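A short worksheet on the structure shown next.
2 protein chains.
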Amino acid sequence: MTNARKPFHLNAFLMGVGHHEAAWRHPRTQERRVLDVKHFQELGQIAERGKLDSVFFADGLAVGPRIKRNALAVFEPVTLLAAIAAATEHIGLIATASTSYNEPFNLARKFASLDHISGGRAGWNIVTSGTEDEAFNFGYDAIPEHARRYERADEFVDLAVQLWDSWESDAVVLDPETGVFADPDKVHTLDYQGERFRVRGPLNSPRSPQGRPLLVQAGSSESGKEFAAKYAEAVFTAQRTLEEGQQFYQDLEERLPKYGRSADELKVLPGLVPFIADTEEQARALEQEFTDLISPDYALRQLSSLLGVDLTEHALDAPLPPLPPVSAIEGGKSRFTLVKELAEKEELTVRQLIGKLGGGRGHRTFAGTPEQIADELQSWYEAGAADGFNIMPPYLPGGLEDFVDRVVPILQQRGLFRTDYTATTLRGHYGLDPVESQFTPVRIQASA
Amino acid sequence: MTNARKPFHLNAFLMGVGHHEAAWRHPRTQERRVLDVKHFQELGQIAERGKLDSVFFADGLAVGPRIKRNALAVFEPVTLLAAIAAATEHIGLIATASTSYNEPFNLARKFASLDHISGGRAGWNIVTSGTEDEAFNFGYDAIPEHARRYERADEFVDLAVQLWDSWESDAVVLDPETGVFADPDKVHTLDYQGERFRVRGPLNSPRSPQGRPLLVQAGSSESGKEFAAKYAEAVFTAQRTLEEGQQFYQDLEERLPKYGRSADELKVLPGLVPFIADTEEQARALEQEFTDLISPDYALRQLSSLLGVDLTEHALDAPLPPLPPVSAIEGGKSRFTLVKELAEKEELTVRQLIGKLGGGRGHRTFAGTPEQIADELQSWYEAGAADGFNIMPPYLPGGLEDFVDRVVPILQQRGLFRTDYTATTLRGHYGLDPVESQFTPVRIQASA
């Protein structure tokens, strides 16, 4: 396995008081600090204690059917990460932001600012926002078409990268004698004229420590994978079996050469929801406690939204009704496919499906001892299905603490995971080289 | 004077290493930490040491003619304030954001997030973005017309307030027994249908500690004053003489009843750039040192942008060329008028005008001893020209430290200014009542 020689990475995907649908109802989250910034700063510190590469906050631009269930989105992730940056030193800081409902100039600025504030720890999970609820908050009558969203995302990222590149890294001179603040020859007007965006530039921010945020992507549709191969440096993905993981990994890898990229430039991190206990039996019992706390009516609403079919009146112990083909779905195509296949392959009733999805909305759940979890991660990694993992604690902070304090040391003992940070930036943690501005002329060679 | 009985307020308007055009070249700013978040966190802490009401960061969405001169806008202000929030406990946190180049949903969310992160200390300085350079970064060929920008701002703020109000303050229930996270009857869909915006809502954030950010405004054109009277809770303004200050104050106050508002609901804070030294002579000499460091060519570019006339080839020791009437200006009308009147009234050459503007771009500069500065502030306050001041240190951190450590104690000894915080929120510091959601039914009275 060539893969076994690549470094191993760990991202903590954080959400409210945990990923499990019913996390906030379980005694392990007694405090339920969903509105408390200190809760999130402490999570950043716990992840840093475990030497993890990064923490990640997803986001959506609507409340949708979750009003009664969970406060996914109390904090706008970039402002939240700025506050976490101030309470940590090393941990990478990844935020979701939408290409469909932002202005490229504002978004590029915001991430440049987070990168400055954190000393080079910013990452952007690029999403195209596939729900109707979001579309309604931005003047649309329906979700913009899947293909159109990806076309916009493509132009958006191309432009954002140019904005980040508009200041060369040594443009700021700060020479009090000559009065030169910045060298105008190293600050570039873009006059960008795309199909959707016209932006003169430059960005109103000198080049940030990383040059630009780490680019992350998480959609696994055909357009999503192509987009990832073109732009992404890390991919978060939901893969339920080792075989599917290997297939996805290889699929992505094979798309890279078309864009002049190599496997080293893209890290694949499947999601894992770990239930950790001293024995396997206790871990399974813990998972069951959470499953038992799921409120079926909220879960039905969420499943309806995910599948684009109204299930709110559907019998819980019946199988799913016939679902539309994926080609008819304009929202998240890959998640739709994953859930549809899961329900059909395992012949699940709606109640069983809800239980399976409760932990991580389609991500793999694994209940076991710390050793068993480490084994599982190692086997995927060594079998070429992952460069690391997107750890999704079902409850917080306990679920993250257990992973950091009980699983990470085993990975470290096995020589799989770092025992201390060796880099200061998020790109550095992920083993990626610094990025130079595309507008930097090859000055040294030219004079050689 | 009724005014003398109102509490006295102080905001620190912070910019890079100081407001003075040439601040970064002066030995007092030897470190020039314009790219260092710790510099700004320390400024927040200094302001908090002085028990100031708030700190404020202006913003512009373009580099424009400032590339060589100053890094006004390294940090996006809301992310910067989130990082400052994490390093402070009481100080209010005010950021400029544009109604012309943001989506209402995103902007409302961002400020709600800052208000949550800071425990109720967020403020929004509402601007309509009056420069061509900004328009070019958002797909426009010219500045959108002044009147159109204010129409958009009006609808934007109306909608933003509804978004903040879409969650009643007690909507989050968090009852693990019943499984009710939030009470859907207290979370309101808006179905907002304006001329420019259609937004379904609700906001994807529970009501923040202040309900909404403090609303601040800083344009003094006719439209600007009307907008302030309708929405603003604090106004930053450039007034060069006591008489002009009194006139502006009275003008604003007289506009309030039309909107059902009283003078207590709006605080007027004229800007002041203080040069502080042990003697008046030393303070004047200090100011002169800064004036001498202004680079005329950069200043000419900035003046050209401000006046909408190309002055880059104009003789420094000649008077200004004839200027267009204010009706022809689509950018910042009030600043244009202020500079035009200053140049004409005092018959200034371009070089003299640049010197006068160097400290605060049209704001009043005052050089004196701590006592003299306290006298000046007190006299404006008692004469009904101000509810407090927008202090614009010409260099940082020294200029802020001198104000906090030398002027504030005098104001405190005179019983003018608080000696400790008595409130926990920015609205509280400014003596404003909490805001209830407009969608909260009068439940208690109804049952009485």
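Protein chains in written order, with full-length UniProt numbering: chain C, 1 to 448; chain S, 1 to 448.
Quick reminder that beta carbons are idealized off the backbone N, C-alpha and C, glycines included.
Since the model is a prediction, treat every value here as computed from it, not as a measurement.
Applying a beta-carbon distance threshold of less than 7 angstroms, which residues of chain C neighbour G44/S?
The contacting residues do not exist; G44/S stays about 11 angstroms from chain C at best.
Which same chain residues, not among the five before or five after residue 449/C, have their C-beta less than 6 angstroms away from its C-beta?
There is simply no residue 449/C to check, as chain C begins at 1 and stops at 448 in what is shown.
F417/S and F56/S: beta carbons closer than 9 angstroms?
no
Using a Cβ-Cβ cut-off of 9 angstroms, state whether E436/C counts as contacting chain S.
No - not a single Cβ of chain S is within 9 angstroms of the one on E436/C.
In this structure, does DSSP put I46/S in helix, strand or coil?
helix
Is any beta-carbon of chain C found at less than 9 angstroms from that of A71/S?
Confidence is the limiting factor: at A71/S the pLDDT is only 49, short of 50, which leaves the residue's position unreliable, though a coordinate-based value still follows. Closer than 9 angstroms to some Cβ of chain C, the Cβ of A71/S qualifies, so yes.
Determine, using beta carbons only, whether A83/S and V37/S come nearer to each other than 9 angstroms.
yes
For G399/C, which three-state DSSP category applies?
helix
Please tell me whether L174/C has its Cβ less than 9 angstroms away from any Cβ of chain S.
yes
Helix or strand or just coil, what does DSSP make of L252/C?
helix
Give the residues of chain S in contact with E103/C, contact being defined as C-beta atoms less than 7 angstroms apart.
Y101 and F138
Pick out the complete beta strand (DSSP E) segments inside the segment 6-61 of chain C, 3 residues or longer, and give them in chain order.
9-14 and 54-57
Taking Cβ positions only, does T425/C come closer than 9 angstroms to chain S?
no
Mapping the DSSP letters down to three states, classify Y430/S as helix, strand or coil.
coil
Who are the Cβ neighbours of A71/S in its own chain at under 8 angstroms, not counting the five residues just before and after it?
The predicted model places A71/S with a pLDDT of 49, which falls under 50 and marks its position as unreliable; any figure quoted below should be read in that light. Correct list, in chain order: G16, V34 and L35.
Only counting the same chain, and skipping five residues up and downstream in sequence, which positions put a Cβ closer than 6 angstroms to that of A374/S?
Within the same chain, A374/S has close Cβ partners V407, I410 and L411.
Using a Cβ-Cβ cut-off of 6 angstroms (strictly less than) and excluding sequence neighbours within five positions of Q210/C, which residues of its own chain qualify?
D115, G120, T425 and R427
Distance cutoff 9 angstroms, beta carbons only. Does F197/C sit that close to anything in chain S?
yes
State whether the segment 245-265 of chain S contacts the segment 344-352 of chain S, with contact taken as three or more CB pairs (one from each stretch) at a distance under 8 angstroms.
no
Decide yes or no for the touch test of the segment 287-306 of chain C against the segment 192-212 of chain C: beta carbon pairs closer than 8 angstroms, at least 3 of them.
no
Within its chain, find whatever has a CB closer than 7 angstroms to the CB of R28/C; leave out the 5 residues flanking it on each side and keep chain order.
Y395 and G398
Between which two residues does the beta strand (DSSP E) harbouring T291/S extend?
In the DSSP assignment, T291/S falls outside any beta strand (DSSP E) and lies within the alpha helix (DSSP H) extending over E280 to D292.
Count the other C-beta atoms from every protein chain shown that fall within 10 angstroms of the C-beta of K258/S, then say buried if there are 16 or more, exposed otherwise.
exposed
Nearest by alpha-carbon distance to T237/S: which of P441/S, A386/S and H19/S is it?
A386/S
Which residues of the segment 285-297 of chain C have a Cβ closer than 8 angstroms to any Cβ of chain D? Give them in chain order.
No chain D is part of this structure, whose protein chains are labelled C and S.
Starting from S327/S, trace the alpha helix (DSSP H) in both directions and tell me its first and last residue.
Segment: none, S327/S is in no alpha helix (DSSP H) and carries neither H nor E.
Sort E280/C, T337/C, T419/C and T128/C by Cα distance to E151/C and report the nearest one.
T128/C
Roughly how many whole angstroms lie between the Cα atoms of G359/S and K6/S?
When rounded, the distance between both Cα atoms is 29 angstroms.
Is the shortest distance between the beta-carbon of N106/C and the beta-carbons of chain S less than 9 angstroms?
With 9 angstroms as the cut-off, N106/C counts as an interface residue toward chain S.
Taking 9 angstroms as the CB-CB cut-off, is F275/C touching chain S?
Judged by the 9 angstroms Cβ criterion, F275/C is not in contact with chain S.
Against F57/S, what residues of chain C qualify as contacts under a CB-to-CB distance less than 9 angstroms, listed in chain order?
Here the premise fails: no neighbours, minimum Cβ distance about 11 angstroms.
Just to confirm the assignment, what range does the beta strand (DSSP E) spanning V63/S have?
From DSSP, V63/S is part of no beta strand (DSSP E); its letter is neither H nor E.
When DSSP labels each residue in this structure, what does A71/C get in the three-state scheme?
Annotation note: pLDDT 49 at A71/C (below 50); position unreliable, no value reported.
Among T79/S, Y101/S, E145/S and L14/S, which has the Cα closest to the Cα of A58/S?
The shortest Cα separation from A58/S among T79/S, Y101/S, E145/S and L14/S belongs to L14/S.
Can you list the beta strand (DSSP E) stretches of 3 or more residues lying completely in the segment 154-192 of chain S, in chain order?
Counting whole runs of 3 or more residues, the segment 154-192 of chain S contains the beta strand (DSSP E) stretches 172-175 and 180-182.
Just verifying my parser: in three-state terms, what is the DSSP assignment at A85/C?
Helix at A85/C.
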